[in-house]
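In the working numbering, the protein residues as written are 8 to 432.
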């Protein structure tokens with residue numbers, strides 16, 4: 008795409024260059040491997056290993072919990088030793104963990120594997136985001152993250168059917184072996200084939216010497232720097248409230264549907280397919296339509312439409328009504344996500360990209376945990392319509408936090424431009 012700058016026409020380079028394609032391919036294969044295995048863990052523990060419901064629940068819950076608690080550590084290590092090395096190492100370790108699920112049988116061994124895999128999953132997620140940010144122009148970073156989101160939805164649609172139909176997922180360990188092989192292969196591809204990130208202008212003379220002698224911050228110093236980052240802090244809370252609201256789709260919606268309708272569990276399966284299909288087919292279209300629109304306007308509209316969709320579904324007494332409401336939910340999510348990605352990219356600390364993304368992903372894990380814990384506990388006290396009406400407050404809180412995050416980003420960018428202007432004088 009050509010852009011006019013004064014009298015000079017500058018052509019914006021394509022986002023999908025070889026290094027970006029490699030990262031997106033690695034991220035897709037990782038997500039595909041995860042979604043081939045993850046939905047069937049509980050069935051595998053029950054049917055193949057004969058664990059109790061409590062034991063199976065603990066093994067499943069430990070993954071996101073470790074991702075939430077220790078994901079920032081993985082991000083810090085990535086910034087310390089190099090994002091590419093850390094990402095490839097986390098992928099390799101994830102592959103070994105997947106293989107371990109196929110060969111180990113004791114609860115303790117599987118607990119350790121689940122905990123390590125949870126940390127690796129958080130590290131690969133933030134690593135892919137940071138790798139993309141370092142290899143595209145600043146104005147294209149949000150678009151690159153949207154590709155990541157789209158591919159994740161594609162893996163959600165493709166992964167479970169492939170695992171169930173071709174690999175006997177749930178009853179056999181084949182799926183873990185295949186997932187392991189895919190992750191190990193991609194880790195080697197990233198380590199051997201991925202080039203260096205985009206280079207900024209190199210400092211010269213005394214500046215280069217001073218930069219070379221600067222020691223990287225300690226973990227506590229790194230955490231203190233992130234806490235002082237106002238734009239990152241507001242984005243953290245915005246994502247927490249947003250994911251708490253979004254988590255209702257997989258926590259309270261299935262419970263309400265099974266309570267209201269005779270074949271509610273079956274209908275809920277179609278709802279998941281509906282949301283994934285909307286995300287898969289409409290993300291590129293809506294991202295293009297809203298590309299030049301106001302970040303806050305599009306983002307706020309999307310989040311509020313998502314919340315209203317839940318309310319429409321909750322007050323409906325028919326299956327069709329639930330499908331219509333969830334259709335609005337899906338449209339809201341697809342509308343908001345590209346702009347949420349832009350805010351996340353702009354909020355990230357340039358000196359600590361992997362640690363910053365890991366902190367934001369911790370917010371996602373915590374929001375998911377809170378949504379799962381609080382929503383189902385209110386089902387006995389509230390009808391679906393009133394619960395989701397109350398949940399609209401989460402949408403409002405998320406929008407307010409995103410507004411503050413965006414304001415902090417604009418202020419930070421203005422200060423950076425002023426500093427650059429003075430340095431060029």
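All C-beta atoms, glycine included, are put in the ideal place defined by N, C-alpha and C.
Quiz prompt | Close beta carbons around residue 30, own chain, < 8 Å, minus the five adjacent residues each side | solution = The sequence position of residue 30 within the chain shown is 23, counting from 1. Excluding positions up to five away in sequence, the list reads 135, 138, 139, 142, 197, 201.
Quiz item: How many Å lie between residue 103 and residue 356 at the Cα?
Solution: In the chain shown, counting from the first residue as 1, residue 103 sits at position 96. In the chain shown, counting from the first residue as 1, residue 356 sits at position 349. The straight-line gap from Cα to Cα measures roughly 32 Å.
Quiz item: Any idea if residue 172 is buried or exposed, counting beta-carbon neighbours within 10 angstroms, 16 or more meaning buried?
Solution: What you label residue 172 is simply residue 165 of the chain shown in a count that begins at 1. With fewer than 16 Cβ atoms within 10 Å of its Cβ, residue 172 is classed as exposed.
Quiz prompt | Endpoints, the alpha helix (DSSP H) within which residue 316 is located | solution = Position 309 of the chain shown holds residue 316. Residue range 302 to 322 is occupied by the alpha helix (DSSP H) that includes residue 316.
Exercise. Assign residue 78 to buried or exposed, taking buried as 16 or more other Cβ atoms, counted over all protein chains shown, within 10 Å of its Cβ.
Key: In the chain shown, the residue the question calls residue 78 occupies position 71. Classification for residue 78: buried.
Exercise. Out of 159, 68, 56, point me to the one whose CA is closest to residue 375's CA.
Key: Within the chain shown, residue 375 is the residue found at index 368, counting from 1. Ranking the options by Cα distance to residue 375, first place goes to 68.
Quiz item: When the Cα of residue 168 is compared with those of 398, 111, 378, 44, which residue comes out closest?
Solution: The residue you call residue 168 lines up with position 161 of the chain shown. Per the Cα distances, 44.
Practice problem: Work out the CA separation of residue 294 and residue 421 for me, nearest whole Å. | Solution: The count along the chain shown starts at 1 and reaches residue 421 at position 414. The count along the chain shown starts at 1 and reaches residue 294 at position 287. If you take the alpha carbons of residue 421 and residue 294, they lie about 26 Å apart.
Quiz item: Count the other CB atoms within 10 Å of the CB of residue 64; is the residue buried (16 or more) or exposed (fewer)?
Solution: On the chain shown, residue 64 is found 57 positions in, with the first residue counted as 1. When all chains shown are included, residue 64 counts as exposed.
Quiz item: Of all the options 302, 372, 275, 343, which has the alpha carbon lying nearest to the alpha carbon of residue 327?
Solution: Here residue 327 corresponds to residue number 320 of the chain shown, with the count starting at 1. For residue 327, the closest of 302, 372, 275, 343 by C-alpha to C-alpha distance is 275.
Quiz item: Between the Cα of residue 48 and the Cα atoms of 183, 245, 23, which residue gives the shortest distance?
Solution: The residue you call residue 48 lines up with position 41 of the chain shown. Comparing Cα-Cα distances from residue 48 to each of 183, 245, 23, the minimum goes to 183.
Exercise. Kindly indicate which residue of 253, 192, 87, 51 has the alpha-carbon position closest to the one of residue 179.
Key: On the chain shown, residue 179 is found 172 positions in, with the first residue counted as 1. Minimum Cα distance to residue 179 is reached at 51.
Exercise. Mark residue 304 as exposed unless 16 or more other C-beta atoms lie within 10 angstroms of its C-beta, in which case mark it buried.
Key: Reading the chain shown from its first residue, position 297 is the one you call residue 304. Counting Cβ neighbours within 10 Å, residue 304 comes out exposed, since fewer than 16 surround it.
Quiz item: In this structure, what does DSSP give as the bridge partners for residue 273?
Solution: On the chain shown, residue 273 is found 266 positions in, with the first residue counted as 1. None; residue 273 has no bridge partner.
Quiz prompt | Beta-carbon contacts of residue 34 that lie in its chain and below 7 Å, excluding the five residues immediately before and after | solution = Translated into positions along the chain shown, residue 34 becomes position 27. Result list for residue 34: 135, 155, 158, in chain order.
Quiz prompt | Backbone secondary structure at residue 179 - three-state DSSP | solution = On the chain shown, residue 179 is found 172 positions in, with the first residue counted as 1. Strand, per DSSP.
Quiz prompt | For residue 296 and residue 339, believed in contact at Cβ under 8 Å, the rounded distance | solution = Position 332 of the chain shown, counting from 1, holds the residue named residue 339. Position 289 of the chain shown, counting from 1, holds the residue named residue 296. Actually they are not in contact, since the Cβ atoms of residue 339 and residue 296 sit about 15 Å apart, beyond 8 Å.
Quiz item: Does the beta-carbon distance from residue 331 to residue 350 come in below 8 Å?
Solution: One-based indexing of the chain shown puts residue 331 at position 324. One-based indexing of the chain shown puts residue 350 at position 343. For residue 331 and residue 350, no; Cβs fall outside 8 Å.
Self-check item: Test item: CB-CB of residue 247 and residue 373 under 8 Å
Solution: Residue 247 sits at position 240 when you count from the first residue of the chain shown. Residue 373 sits at position 366 when you count from the first residue of the chain shown. Closer than 8 Å, so yes.
Practice problem: Using a threshold of 8 Å, state whether the C-beta atoms of residue 253 and residue 337 are closer than that. | Solution: In the chain shown, the residue the question calls residue 253 occupies position 246. In the chain shown, the residue the question calls residue 337 occupies position 330. Their beta carbons are not under 8 Å apart, which means residue 253 does not touch residue 337 by this criterion.
Quiz item: On the three-state DSSP scale, how would you describe residue 210?
Solution: What you label residue 210 is simply residue 203 of the chain shown in a count that begins at 1. Because the pLDDT of residue 210 is 45, which lies under 50, any placement of that residue in the model is unreliable, and the number read from its coordinates should be weighed accordingly. Residue 210: coil per DSSP, three-state reduction.
Exercise. Determine the extent of the alpha helix (DSSP H) in which residue 444 is found, giving its start and end residues.
Key: Look at the range of the chain in this structure, 8 to 432, and you will see that residue 444 is not part of it.
Self-check item: Contacting residues, own chain, Cβ-Cβ under 7 Å from residue 163 (five flanking each side not counted)
Solution: Residue mapping note: residue 163 aligns to position 156 of the chain shown, counting from 1. For residue 163, where only same-chain residues beyond five positions count, the Cβ hits under 7 Å are 42, 283.
Practice problem: Could you check how far apart the C-beta atoms of residue 23 and residue 70 are, in whole angstroms? I think they sit under 8 Å. | Solution: Along the chain shown, read from residue 1 onward, the residue named residue 23 stands at position 16. Along the chain shown, read from residue 1 onward, the residue named residue 70 stands at position 63. Not quite, the Cβ-Cβ distance comes to about 31 Å (not below 8 Å), so this is no contact.
Quiz item: In terms of residue numbering, what span does the alpha helix (DSSP H) encompassing residue 22 cover?
Solution: By one-based count along the chain shown, residue 22 stands at place 15. Counting along the chain, residue 22 falls outside any alpha helix (DSSP H), and DSSP gives it neither H nor E.
Quiz item: Would you call residue 362 buried or exposed, if buried means 16 or more other Cβ atoms sit within 10 Å of its Cβ?
Solution: Within the chain shown, residue 362 is the residue found at index 355, counting from 1. Residue 362 is buried by the Cβ-count criterion.
Quiz item: Which whole-angstrom value is the C-beta distance of residue 263 and residue 317, which I expect to be below 8 Å?
Solution: Reading the chain shown from its first residue, position 256 is the one you call residue 263. Reading the chain shown from its first residue, position 310 is the one you call residue 317. The Cβ separation is near 10 Å, so there is no contact.
Quiz item: Given a threshold of 16 other Cβ atoms within 10 Å of its Cβ, counted over all protein chains shown, does residue 285 qualify as buried or as exposed?
Solution: In the chain shown, counting from the first residue as 1, residue 285 sits at position 278. Per the 10 Å Cβ criterion, buried.
Practice problem: Assuming residue 258 and residue 383 form a contact by the criterion Cβ under 8 Å, report the distance between their Cβ atoms to the nearest whole angstrom. | Solution: The residue given as residue 258 occupies position 251 in the chain shown. The residue given as residue 383 occupies position 376 in the chain shown. At roughly 6 Å, the Cβ-Cβ gap stays under 8 Å, so residue 258 and residue 383 are in contact.
Practice problem: Identify, in the order they occur along the chain, each residue of the same chain with its Cβ nearer than 6 Å to the Cβ of residue 353, setting aside the five sequence neighbours on each side. | Solution: Locating residue 353 in the chain shown gives position 346, counting from the first residue. Once the five neighbours on either side are set aside, the close Cβ partners of residue 353 are 416.
Practice problem: With a 10 Å radius around its C-beta and 16 neighbouring C-beta atoms as the bar for buried, classify residue 412 as buried or exposed. | Solution: Residue mapping note: residue 412 aligns to position 405 of the chain shown, counting from 1. Under this definition residue 412 is a buried residue.
Quiz prompt | residue 358 in three-state terms, based on DSSP | solution = To locate residue 358, count along the chain shown from 1; it is residue 351. Reduced to three states, the DSSP call for residue 358 is coil.
Quiz prompt | Neighbourhood of residue 241 by C-beta distance below 7 Å, restricted to the same chain and skipping five residues each side | solution = Translated into positions along the chain shown, residue 241 becomes position 234. Excluding positions up to five away in sequence, the list reads 408, 411, 412, 415.
Quiz item: In whole angstroms, what separates the C-alpha of residue 385 from that of residue 347?
Solution: Along the chain shown, one-based indexing puts residue 385 at 378. Along the chain shown, one-based indexing puts residue 347 at 340. CA-CA distance, residue 385 to residue 347, rounds to 28 Å.
Quiz prompt | Own chain residues within Cβ distance below 7 Å of residue 109, not counting five before or after | solution = Counting from one through the chain shown, the residue named residue 109 turns up at place 102. Hits under 7 Å: 180, 183, 184.
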